[in-house]
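Student: This is the structure, below, for whatever I ask next.
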Amino acid sequence: MDTSKVANSNTTTAATAKKPSKAAAAATWADERLGIATMAKKNLRKVFPDHWSFMLGEIALWSFVVLLLTGVFLTLWFTPSMGEVQYNGTYEQLRGVHMSEAFASTLRISFDVRGGLLMRQMHHWSAMLFIASMMIHLLRVFFTGAYRKPRELNWVIGSLLLLLGTLEGFTGYSLPDDLLSGTGVRAADGFIKASPVVGTYMSFFLFGGEFPGESIIPRLYTIHVLLIPGLLLALIAAHMLLLVYHKHTQWPGPGRTEKNVVGYPMLPVYAAKAGGFFFIVFGVTALLGGLLSINPVWKYGPYDPSKVTAGSQPDWYMGWPDGALRIMPGIETHIWGYTISWNVMLPILVLPLLMFTILMLLPFIDAWITGDKREHHLLERPRNAPTRTALMVALMTMYGLFWIAGGNDIIAIKLHSSINQITYFLRMAVFVGPVIAFLITRRWCIALQRKDNETLLHGYETGIIMRSPEGGYSERHLPLPESRAYTLTARERDPALNGGPEGTDANGIPAPGKGRLAGLQHRVRTLWYADNVQKPTPAELEDGHHHADHEHELQEGVEGHAADGHQFDGHHLVEDETLRNH
Amino acid sequence: MSTPPVTDGHSHDEPVDENLPARDDLYANPGLEEHHWRPTDVDPKAEKRAERQVAALFTLSALCTVLLLVAYFTIDADDTIGGLGAQNLAFGLCLAGALLGIGIGIIQWARKLMADVEIVEYRHPAASSEEDRAVTIQALSDGLEESGIGRRPLVRNSLLGAVGLLGLPAVVFLRDLGPTNAQVVANPPFPGSGLEHTVWTKGMRVVRDVVGSPIRPSDLEIGDLVNAEPEALFNGGEDGEPMEGVALQVAKSKGAVVVVRIEPDEITPGKGRENWSVDGILCYSKICTHVGCPISLYERTTHHLLCPCHQSTFDLADSARVVFGPAARPLPQLALAVDDEGYLVAQADFDEPVGPSYWERG
Chain A
1 MDTSKVANSN
11 TTTAATAKKP
21 SKAAAAATWA
31 DERLGIATMA
41 KKNLRKVFPD
51 HWSFMLGEIA
61 LWSFVVLLLT
71 GVFLTLWFTP
81 SMGEVQYNGT
91 YEQLRGVHMS
101 EAFASTLRIS
111 FDVRGGLLMR
121 QMHHWSAMLF
131 IASMMIHLLR
141 VFFTGAYRKP
151 RELNWVIGSL
161 LLLLGTLEGF
171 TGYSLPDDLL
181 SGTGVRAADG
191 FIKASPVVGT
201 YMSFFLFGGE
211 FPGESIIPRL
221 YTIHVLLIPG
231 LLLALIAAHM
241 LLLVYHKHTQ
251 WPGPGRTEKN
261 VVGYPMLPVY
271 AAKAGGFFFI
281 VFGVTALLGG
291 LLSINPVWKY
301 GPYDPSKVTA
311 GSQPDWYMGW
321 PDGALRIMPG
331 IETHIWGYTI
341 SWNVMLPILV
351 LPLLMFTILM
361 LLPFIDAWIT
371 GDKREHHLLE
381 RPRNAPTRTA
391 LMVALMTMYG
401 LFWIAGGNDI
411 IAIKLHSSIN
421 QITYFLRMAV
431 FVGPVIAFLI
441 TRRWCIALQR
451 KDNETLLHGY
461 ETGIIMRSPE
471 GGYSERHLPL
481 PESRAYTLTA
491 RERDPALNGG
501 PEGTDANGIP
511 APGKGRLAGL
521 QHRVRTLWYA
531 DNVQKPTPAE
541 LEDGHHHADH
551 EHELQEGVEG
561 HAADGHQFDG
571 HHLVEDETLR
581 NH
Chain B
1001 MSTPPVTDGH
1011 SHDEPVDENL
1021 PARDDLYANP
1031 GLEEHHWRPT
1041 DVDPKAEKRA
1051 ERQVAALFTL
1061 SALCTVLLLV
1071 AYFTIDADDT
1081 IGGLGAQNLA
1091 FGLCLAGALL
1101 GIGIGIIQWA
1111 RKLMADVEIV
1121 EYRHPAASSE
1131 EDRAVTIQAL
1141 SDGLEESGIG
1151 RRPLVRNSLL
1161 GAVGLLGLPA
1171 VVFLRDLGPT
1181 NAQVVANPPF
1191 PGSGLEHTVW
1201 TKGMRVVRDV
1211 VGSPIRPSDL
1221 EIGDLVNAEP
1231 EALFNGGEDG
1241 EPMEGVALQV
1251 AKSKGAVVVV
1261 RIEPDEITPG
1271 KGRENWSVDG
1281 ILCYSKICTH
1291 VGCPISLYER
1301 TTHHLLCPCH
1311 QSTFDLADSA
1321 RVVFGPAARP
1331 LPQLALAVDD
1341 EGYLVAQADF
1351 DEPVGPSYWE
1361 RG
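Going line by line, the protein sequences match chains A and B.
Residue 1 is where the first sequence starts when you use the numbering used here, and the numbers rise one by one after that.
Residue 1001 is where the second sequence starts when you use the numbering used here, and the numbers rise one by one after that.
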């Protein structure tokens, strides 16, 4: 290759300093005081692998920064007080109406502070983006097995970030004290009161007495601008530090192994890409805030405990527990003079905590089932871990069905169907749906594994139809390029689990100390790998190649003559046509 | 260009556990794919073009920033563009342009002009080296040993007890976050304080919400539903003034009711509630017994009242029995009567707490 023309700015070796530059002088000044060179020498050119899906977590990170920036702007005008005032501002429809200072100051931000509405809408949009990107990032990490050792703790931190982000969202959209969010706060009071034994105490402590009181908005404000953001910042810092320490996972491929990481250096490429991406996330939020109205509280009006609007719904990420709450049958127990509200407690207090606990434990459950204590830095394609993929799809299906239940009234209106029927259907579907999704996903993954093996053994489909001298038709297959074949086979072979669990004797009696749990572990492990298709053995591969060679011989006679058929329509000369070779 | 050497990463000296997934290579690792030069690497024209693109994007950003500042000082709050607020639209678009110009510019710079040669870095195991770990564990045990924390259980346990006890004031000092329900009932800050009570009293008029006008039975036709409130909201403040602030909010949040008139034949009166209605006029708490939303969606032919939050449905002709949804209890009923002037009044406060269930409710 002629590289003499390579633009001289793009040298492939590190630039050597010709004379002490200003940057070097600044670095020296800093190093003499902070001693950062030792740390920086490793990290300035730290390698990050490239893949579009690694960007999802970055969206979450940058939208958090946008949240901090826009949030600080909003605090300059927002008054977190429930003191009653009469509105006399710019928005005519509400003039003369009594409302809390919180609501009045929100109106002021929206109508009288230039750029206030934009910042409010950007704040709300980036909150949506924050939570949505965290969820999709979580799915990416799970589906590719990136949560496995040594990254389990980072998975736990990530789950906590999602939980805290959700709470931060709830406390945030409750602050304007509008009719919609006030209804949400009242429902939250109902949830708290449903807690056994301590419910009313917690409610009265939180609200500073009886609902609604005048303490809840200032208290939510402190939680929203100080407590949770502080925790989020600390956890995000820990998340990033662990990411740097572990080095990023990568997809298998030529030259990419468990022992290395291949990609572009932090300085300059990733610093530029990540820095540029921050501006893009910020810019997209500005676009959303400028073009799409979100949470127009002036249309809802101030909170009034005797009013409500039809179609009241929380923000979308709170939708799934709300859906569970809607489809739960109204069961309540009255015993020894006490009330247990199963209808509220189970869907809204127990279920989300249970789901979050399951979520946080997933890496440890996986490790226990597989017994795998090795480090993993290469990602797995979802199809190559069918049970894992199916498990998450089942959880997603359950989430989705609960979420649909959270909009059962809207669905009933839009689809002109009975809300009762929808609710009864969903009561059943949240249990059956995940099972069906699990089974389908698992078989789907296994089918895709088969397809990969097919391609490896018999080559890929060229789309070229061959006609044999006898008149039979067949499609021509060609072997995969070496790098592609390597990538496809760079995965592990599942263990063959025959017989009893590890440590059992010939009669199936477990070794002392292992006990029942070892038996359970073995059974689950067998199910975990059951029916998975393994990559071909060397012998199968050999066979496959022989077979392909044989086919080639058979087709040799027509090589260079036959074509894909279109040439033989009588309108073309076929003498110089050759078979398209990929 | 040459590719850096790579190890295959599948070291064969690891002990093989048959119960673990096995790592093996079917094909030899072909090594990193060859680096391809981009047009901007080899063609000075393309390089210049990319440079100009990047600079143009940065200029566009600067332009948008200037426009943003111009818009800030020139657009009035009530200007509109195509039905949208002009200020918000202009600010949003200019800010987006300013930010996206920088963002896309930098990324274009990185993709087209910065070196795109992939670099290989070797991983280290997450764990420290055996020596480091041994030294650390030694240091840890030395430190613990020297502190004597293991040998002196008296010191250790008394310290643990003292520190643990400090958690108690941390919780106890939150006690004044609010009074308990019992305290509120014993020492009511407002009329009708406490979960078991509302502002309703014997003889209090049932008035229309917002306007506060009293209701005569003849004002209601069969099938009507009226959102109503206790008269105290409108005259229960100081010197007969309307209630205000927290007192008003608390009274409203428990006292709001719906008044319906149903064909008397269709009513199934609850036990002991035979005389709670006036000419087929019934009054129920408006606060859902599920989690406390105000209920107001009425279907007059079936007498069903639907909560817009979670769709609990109550049959108002049958003591507000739950006919659908997650609520577990009927809406509390307010006993009605007519006063000397012919207006609807309450016979008494509700005979049970309104709103969502709670532990002590019984």
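A virtual CB, placed ideally from N, CA and C, is assigned to each residue, including glycine.
Taking the straight line between their C-alpha atoms, what separation do you get for HIS561 of chain A and VAL524 of chain A?
Tutor: Any answer about HIS561 of chain A is weak, because its pLDDT of 49 lies below 50 and its placement is not dependable; what the coordinates show is given next. HIS561 of chain A and VAL524 of chain A: Cα-Cα distance of roughly 56 Å.
Student: Does any CB atom of chain A fall closer than 8 Å to the CB of PHE1350 of chain B?
Tutor: no
Student: If the cut-off is 8 Å on Cβ atoms, which residues from the segment 475-499 of chain A count as contacting chain B, listed in chain order?
Tutor: GLU482, SER483, ALA485, TYR486, THR489, ALA490, GLU492, ARG493, ASP494, PRO495, ALA496, LEU497
Student: Tell me whether TYR1072 of chain B sits in a helix, a strand or coil according to DSSP, three-state version.
Tutor: Helix, per DSSP.
Student: Secondary structure at THR389 of chain A, three-state DSSP: helix, strand or coil?
Tutor: Correct three-state label for THR389 of chain A: helix.
Student: Would VAL1345 of chain B and MET1243 of chain B be called neighbours here (beta carbons separated by less than 8 Å)?
Tutor: Contact: no.
Student: Using three-state DSSP, classify ASP1349 of chain B as helix, strand or coil.
Tutor: coil
Student: Per DSSP, CYS1283 of chain B is paired with what?
Tutor: B:VAL1259, B:LEU1334
Student: The ligand MN and ALA272 of chain A: does any heavy atom of the ligand fall closer than 7 Å to the residue's C-beta?
Tutor: Although the ligand MN was asked about, the structure shown includes no ligands whatsoever.
Student: What is the rounded straight-line gap between the Cα of GLY1355 of chain B and the Cα of THR79 of chain A?
Tutor: In a straight line, the C-alpha of GLY1355 of chain B is about 30 Å away from that of THR79 of chain A.
Student: Go through its chain and collect everything with a Cβ distance to THR166 of chain A's Cβ below 6 Å, but skip five positions before and after it.
Tutor: Within its own chain, the residues whose Cβ lies closer than 6 Å to the Cβ of THR166 of chain A, once the five positions on either side in sequence are excluded, are TYR317, listed in chain order.
Student: Report yes if the CB atom of ALA102 of chain A is closer than 8 Å to the CB atom of LEU175 of chain A, and no otherwise.
Tutor: yes
Student: Shorter than 8 Å from the beta carbon of GLY1083 of chain B to some beta carbon of chain A?
Tutor: no
Student: I want to verify the contact list: residues of chain A whose CB lies under 7 Å from the CB of VAL1291 of chain B, in sequence order.
Tutor: ALA187, GLY190, PHE191, VAL344
Student: Assign HIS334 of chain A to one of two classes, buried (16 or more other C-beta atoms within 10 Å of its C-beta) or exposed (fewer than that).
Tutor: exposed
Student: Is the beta carbon of LEU349 of chain A less than 8 Å from the beta carbon of PHE191 of chain A?
Tutor: yes
Student: Could you spell out the range, first to last residue, of the beta strand (DSSP E) harbouring ASP1315 of chain B?
Tutor: 1313-1315
Student: Measure how close the beta-carbons of VAL1291 of chain B and VAL185 of chain A come, nearest whole angstrom, since I'm counting them as under 8 Å.
Tutor: Not a contact, Cβ separation roughly 11 Å.
Student: Assuming contact is defined by CB atoms lying nearer than 8 Å, are ASP177 of chain A and MET82 of chain A in contact in what I supplied?
Tutor: yes
Student: Between which two residues does the alpha helix (DSSP H) containing PRO434 of chain A stretch?
Tutor: 419-458
Student: Write down the C-beta distance between LYS273 of chain A and ALA1110 of chain B rounded to the nearest angstrom, noting that I regard them as a contact closer than 8 Å.
Tutor: Yes, they are in contact, since the Cβ atoms of LYS273 of chain A and ALA1110 of chain B sit about 5 Å apart, within 8 Å.
Student: Within its chain, find whatever has a CB closer than 7 Å to the CB of GLY289 of chain A; leave out the 5 residues flanking it on each side and keep chain order.
Tutor: LEU118, GLN121, MET122, TRP125
Student: Output, in sequence order along the chain, the residues in the segment 366-396 of chain A whose CB is closer than 9 Å to any CB in chain B.
Tutor: Cβ contacts with chain B come from THR370, GLY371, ASP372, LYS373, ARG374, GLU375, HIS377, LEU378.
Student: SER312 of chain A to VAL113 of chain A, Cα distance in whole Å?
Tutor: So the alpha carbons of these two residues sit roughly 29 Å apart.
Student: State yes or no: is the C-beta of GLY1092 of chain B within less than 8 Å of the C-beta of PHE1058 of chain B?
Tutor: no
Student: Quick one: using the 10 Å Cβ neighbour count with 16 as the cut-off for buried, is THR487 of chain A buried or exposed?
Tutor: buried
Student: With a cut-off of 8 Å, does the C-beta of GLU92 of chain A fall near any C-beta of chain B?
Tutor: no
Student: Start and end of the alpha helix (DSSP H) containing LEU206 of chain A?
Tutor: DSSP places LEU206 of chain A inside the alpha helix (DSSP H), whose first and last residues are 199-206.
Student: Could you please give me the residues that DSSP links to GLU84 of chain A through a beta bridge?
Tutor: A:SER100
Student: Considering only the beta carbon of each residue, do GLY406 of chain A and TRP342 of chain A sit closer than 8 Å?
Tutor: no
Student: Hey, is ILE36 of chain A's beta-carbon within less than 8 Å of any beta-carbon in chain B?
Tutor: no
Student: What is the DSSP secondary structure of LEU1344 of chain B, reduced to helix, strand or coil?
Tutor: strand
Student: Using a Cβ-Cβ cutoff of less than 6 Å, which residues in the same chain neighbour VAL1323 of chain B once the five nearest sequence positions on both sides are dropped?
Tutor: THR1313, ASP1315
Student: Grouping DSSP H, G and I as helix and E and B as strand, with all else coil, what is HIS561 of chain A?
Tutor: Unreliable placement is indicated for HIS561 of chain A, whose pLDDT of 49 sits below 50; the coordinate value is still reported in the next sentence. HIS561 of chain A falls in the coil class under three-state DSSP.
Student: What in chain B is Cβ-close to SER312 of chain A, meaning under 8 Å?
Tutor: CYS1293, PRO1308, CYS1309
Student: According to DSSP, is PRO265 of chain A helix, strand or coil?
Tutor: strand
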